[in-house]
């Protein structure tokens, strides 16, 4: 190892100079200049980074403002109802639910979620604001139906065209839809199937829902 | 660690004015071993000391090996620039006379070529250990590795250096 330590000794200067007296001041001056230059470079790069960040954030803000600039007060559309009619739902039933509900549920629209209007979902005959869900109800329609001898107007539970609108009742909002068109079994319940058409009997009862006796809210 | 103890253990812990002669001497030795030119070695030593002063607070604990390393790198850069300039001059001439700078002897050029062929870590260890005469502990402190790693790099680098030089 000692040979390795002196491996390059023959390359040494035979008379190495000592540090000159004036070289310390020159070295410190040069070092101070290097330090200033490095700090200046840091400051410049930091300023550049800040400018780039500010420009980027301003651009992003402008883009976001442009996206929302059309109508800031516009409420985004309500997503379509998650409920869809079962395969057993007949288009006529859906059309009935949407078209006949006129006085109650702003015909053609059914509820705020558009159920009943398109014919794809079962119209509940409810007024706007009533979340119509076509979820299958465990209760058969006939079990709770308090309708008189007149047959149920429609499998969809829609009201007759000239049915008077009962006074509004907030309790209806949580009422489930009649299981007529969204029946999971695909087999309509006996009273529904027995009901010929809504026009068969102008029953004042608007719906065949379990909450038949409850008043329906007025469409605003 | 007490201040006096640190000053004894590491000359770099001294103020720069007091550490300057030692730093200059070490940097000059490395530069002259690589360049073989007194004027250029002095320039390199002074530049290395100036760089050490510009960041003295950061390097004061290991200023001596740091300065040796910087001087070695500067000397290798200067040597490389010389070789490149000589090659460029040969290309400009109609008949190449020689492809190496006249003022650098062949051994130093071989040393430069051998060092350039080494991996970076091995080159740093060889320069610090054998050209800068730094201890294994100081080399490990500067490079941020263990003493065993320094020994490994030194032996491997030296073996390859000998192969290139003896070839």
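Protein chains in written order, with our numbering: chain A, 1 to 220; chain B, 1001 to 1167.
Ideal Cβ positions, reconstructed from N, Cα and C, are used throughout, including at glycine.
Check                                                                                                                         : Outcome
Alpha-carbon to alpha-carbon, residue 68 of chain A and residue 125 of chain A                                                : Residue placement at residue 125 of chain A cannot be trusted, given a pLDDT of 44 that sits under 50; what the coordinates show is reported in the next sentence. Roughly 36 Å between the two C-alpha positions.
Assumed close pair residue 1034 of chain B, residue 1112 of chain B - CB separation to whole angstroms, cut-off 8 Å           : 7 Å
Residue 942 of chain B at chain A interface by Cβ criterion, 8 Å                                                              : Nothing can be reported for residue 942 of chain B: it is not among the residues displayed for chain B, which extend from 1001 to 1167.
Residue-chain proximity (residue 27 of chain A, chain B), Cβ-Cβ < 8 Å                                                         : yes
Three-state secondary structure (DSSP) of residue 128 of chain A                                                              : Confidence at residue 128 of chain A is low in this model, with a pLDDT of 47, below 50, so its placement is unreliable and the value that follows should be read with caution. Residue 128 of chain A falls in the coil class under three-state DSSP.
Counted within 10 angstroms of its Cβ, other Cβ atoms place residue 1018 of chain B as buried (16 or more) or exposed         : exposed
Residue 1060 of chain B, buried or exposed, once every other Cβ within 10 Å from all chains shown has been counted against 16 : buried
Nearest neighbour of residue 1054 of chain B, chosen from B:1070, B:1039, B:1075 and B:1041 [CA to CA]                        : B:1070
Residue 39 of chain A to residue 1162 of chain B span [Cα, whole Å]                                                           : 43 Å
Start-to-end residues for the alpha helix (DSSP H) that takes in residue 42 of chain A                                        : 23-67
Residue 23 of chain A burial status per 10 Å Cβ neighbour count (16 or more: buried)                                          : buried
Interface partners of residue 31 of chain A on chain B, CB under 9 Å                                                          : 1016, 1049, 1050, 1051, 1052, 1053, 1054, 1055 and 1056
Residue 1024 of chain B: first and last residue of the uninterrupted alpha helix (DSSP H) it sits in                          : 1016-1035
Partner residues on chain A for residue 1021 of chain B, Cβ-Cβ distance less than 8 Å                                         : 18 and 19
Within chain B, partners of residue 45 of chain A - CB distance below 7 Å                                                     : Within 7 Å Cβ-Cβ: nothing; residue 45 of chain A doesn't reach chain B, min ~17 Å.
Spatial distance of residue 59 of chain A from residue 49 of chain A (CA atoms)                                               : 15 Å
is_contact[residue 7 of chain A, chain B] using C-beta, thresh 8 Å                                                            : yes
Selection from B:1072, B:1050, B:1044 and B:1026 that minimises the alpha carbon distance to residue 32 of chain A            : B:1050
Inter-residue Cα distance where the pair is residue 6 of chain A and residue 1123 of chain B                                  : 17 Å
Interface residues of the region 1131-1150 of chain B facing chain A [CB-CB below 8 Å]                                        : 1131 and 1133
Residues near residue 1118 of chain B in its chain [Cβ-Cβ closer than 8 Å; skip 5 each side]                                  : 1126, 1157, 1160 and 1161
Where residue 1084 of chain B sits in the DSSP three-state scheme                                                             : helix
Sub-8 Å separation of residue 1081 of chain B and residue 1048 of chain B beta-carbons                                        : no
Cβ-heavy atom distance, residue 34 of chain A to the ligand GTP, below 7 Å                                                    : Absent from the structure shown: the ligand GTP. Ligands present: none.
The region 1023-1046 of chain B: positions lying closer than 9 Å to chain A by Cβ                                             : 1023, 1024, 1025, 1028, 1029, 1032, 1033, 1034, 1036, 1038, 1041, 1042, 1045 and 1046
Chain B contact for residue 11 of chain A (CB, 8 Å cutoff)                                                                    : yes
For residue 1132 of chain B and residue 1030 of chain B, believed in contact at Cβ under 8 Å, the rounded distance            : 5 Å
Any chain B beta carbon closer than 8 Å to residue 23 of chain A                                                              : yes
Distance between residue 56 of chain A and residue 1089 of chain B (C-alpha atoms, nearest Å)                                 : 50 Å
CB of residue 1076 of chain B within 8 Å of CB of residue 1128 of chain B, strictly                                           : no
Burial state of residue 193 of chain A, where buried means 16 or more other Cβ atoms lie within 10 Å                          : Unreliable positioning characterises residue 193 of chain A in this predicted model, as indicated by a pLDDT of 43, which lies under 50. The coordinate reading is nonetheless provided below. Burial call: exposed.
Sequence-distant residues of its chain with Cβ nearer than 7 Å to residue 1042 of chain B (five each side left out)           : 1028
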